[in-house]
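Inspection log for the structure reproduced underneath, given as structure tokens.
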Amino acid sequence: MSTAFLAHSDGVEAVVDLDAITANIRTLTAMSAGSELMVVVKADAYGHGAVACAGAARTAGVPWVGVATIDEALELRDAGDTGLLLSWVNARDARFVEAIAADVQVSSSSPELLDVLAAAARAAGKPALVHLAVDTGLGREGALPGAHWHELMAHAMRLQQAGDIEVTGVWSHLACADSTGHDSIDAQATLFTRACEEAHEAGFRIRYRHLANSAALLTRPDLNFDVIRTGMAVYGLPSTDKDTGVHLRPAMTLRARVIDVKRLPAGHAIGYGHTYVTDRETTVALLPAGYADGLPRNAGNKPLVSINGRRYSIAGRVSMDQIVVDVGDHEVRVGDHAVFFGAGTYGEPTVQEWALECDTIAYEIIARLGRRVKHTYVGGGIGGDL
Ligand SMILES: Cc1ncc(COP(=O)(O)O)c(C=O)c1O
58 MSTAFLAHSD GVEAVVDLDA ITANIRTLTA MSAGSELMVV VKADAYGHGA VACAGAARTA
118 GVPWVGVATI DEALELRDAG DTGLLLSWVN ARDARFVEAI AADVQVSSSS PELLDVLAAA
178 ARAAGKPALV HLAVDTGLGR EGALPGAHWH ELMAHAMRLQ QAGDIEVTGV WSHLACADST
238 GHDSIDAQAT LFTRACEEAH EAGFRIRYRH LANSAALLTR PDLNFDVIRT GMAVYGLPST
298 DKDTGVHLRP AMTLRARVID VKRLPAGHAI GYGHTYVTDR ETTVALLPAG YADGLPRNAG
358 NKPLVSINGR RYSIAGRVSM DQIVVDVGDH EVRVGDHAVF FGAGTYGEPT VQEWALECDT
418 IAYEIIARLG RRVKHTYVGG GIGGDL
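Per the working numbering, residue 58 is the first one in the sequence shown, and the count goes up by one each step.
And the structure:
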């Protein structure tokens, strides 16, 4: 076994190109036809790093940032973010007092949560800014149209008149926006439009109506409303079932350096379960990355690694912390970069390829990156080599 000095990063490195994020935001802003963008940075910006991506979005002039949890929202506030910010996955015991004090806007689907928000608002000394969620067909968050929606609005109006909350938004989420032309899209849009009209009739001044995600922004500009919640498109990744022709740049390259190289004889088994056996004498490269870093275990024996511009198969199973790559007789040295995925410009795999090979979606490949993955930012005025 050989050893070598590694210039930097002894594990997995996510290199995030902030210029790609900025360019994507410009493209999406041009498509949003006057609606405001909300860049979704939940789940650590889908693995890209929430603070850095929210910062890039603000610098690019994006008015809104969206997160799932209050903790995610407060992480951004702690990092100095002061712009419009919405959180929509709210447990009853979340840190609402801090969030309201920090002007984090919050979603509510139920009268009970509105009461929690009202109490927190009194403690914070200012009204909670609330977006009422209506379930137009996803069956997830939101009050059902009809009696539940009217009950939620009536309760919200009482709390608004008491000065505890201010309803600023009405929103819903599409179930099948990624399936272009799916019947449910129009059905949800119709229910959403009606719910917004009812909110208006109930006396609310709704400034922010939002339904669209990346897929809807790319394929259904008629559903932009006032705000568009977009995540995948900002990161330059596919969100629809068909090519929309919109040029977006993938922002993340996931890579690791080769930590060892050795020759194996023909007939040598590799990895747990011996699912790969060399069919000739060959060179194998060892990479310090595994399923603990978020690389799916079923990527084993798939052609998902690129080293020095050449594509190779993972040899055997992905272990918790290591991957073996069969590089044949090609020269690969300790310290060379192995790229798991990137923009695809140099023949390296893309996130979408990983998703297809591992029987999942691109969202999961990036959102599951583990805590050991180190982030390096390039572009946006920050130096670094890619
Ligand atoms: C409520 C909500 N809105 C918007 C988004 C952004 O979706 P996308 O990344 O497809 O743009 C998500 C992400 O799953 C979401 O949960």
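Note that beta-carbon positions come from the ideal geometry of N, C-alpha and C, so glycine has one too.
Which of helix, strand or coil DSSP assigns to residue i
| i | result |
| --- | --- |
| M377 | coil |
| Y434 | strand |
| S271 | helix |
| W411 | helix |
| A136 | coil |
| D76 | helix |
| E405 | coil |
| A71 | strand |
| V173 | helix |
| V291 | coil |
| K395 | Here the sequence assigns Ala to residue 395, which means Lys is not the residue at that position. Strand. |
| V108 | helix |
| T116 | helix |
| L426 | coil |
| A90 | coil |
Distance between residue j and residue i (C-alpha atoms, nearest Å)
| i | j | result |
| --- | --- | --- |
| D442 | D74 | Caution applies to D442, whose pLDDT of 46 falls short of 50 and renders its modelled position unreliable; the model cannot decide the point. |
| L201 | A256 | 14 Å |
| S92 | K431 | 35 Å |
| R152 | L275 | 35 Å |
| I422 | V315 | 22 Å |
| H369 | G404 | Residue identity differs from the one stated: residue 369 is Tyr in this sequence, not His. The straight-line gap from Cα to Cα measures roughly 11 Å. |
| R277 | A246 | 11 Å |
| H230 | A77 | 26 Å |
| L189 | H205 | 12 Å |
| E410 | L361 | 8 Å |
| V227 | V191 | 7 Å |
| A326 | Y333 | 6 Å |
| Q162 | D67 | 40 Å |
| P322 | G238 | 54 Å |
| V318 | G373 | 16 Å |
Cross-strand partners of residue i (DSSP beta bridge)
| i | result |
| --- | --- |
| R286 | M95 |
| G385 | T340 |
| G123 | V97, L143 |
| V154 | Beta-bridge pairing links V154 to no other residue. |
| V163 | S144, V187 |
Local Cβ density within 10 Å of residue i, reported as buried at 16 or more and exposed below that
| i | result |
| --- | --- |
| M377 | exposed |
| Y420 | buried |
| A114 | buried |
| A342 | buried |
| A136 | exposed |
| T335 | buried |
| F112 | A small fix is needed here, since residue 112 is Gly in this sequence, not Phe. G112 is buried by the Cβ-count criterion. |
| P406 | buried |
| A90 | exposed |
| T402 | exposed |
| Y103 | buried |
| E70 | buried |
| T79 | buried |
| Y265 | buried |
| A356 | buried |
| Q217 | buried |
| T433 | buried |
| H212 | buried |
| A252 | buried |
Cβ of residue i within 8 Å of any chain D Cβ
| i | result |
| --- | --- |
| L174 | Here chain D cannot be found, since the structure has a single protein chain. |
Any non-hydrogen atom of ligand 2 within 7 Å of residue i CB
| i | result |
| --- | --- |
| R266 | Looking at this structure, you won't find ligand 2 anywhere; what it does contain is ligand 1. |
| query | In the segment 296-375, which residue ranges form an unbroken beta strand (DSSP E) of at least 3 residues, counting only runs that do not cross its ends? | reply | 309-314, 317-321, 339-344, 362-364, 367-369
| Mind pulling the alpha helix (DSSP H) runs of 4 or more residues that sit fully within the segment 185-268? | Note on the segment 185-268: whole alpha helix (DSSP H) runs with a minimum of 4 residues are 204-218, 240-258, in chain order.
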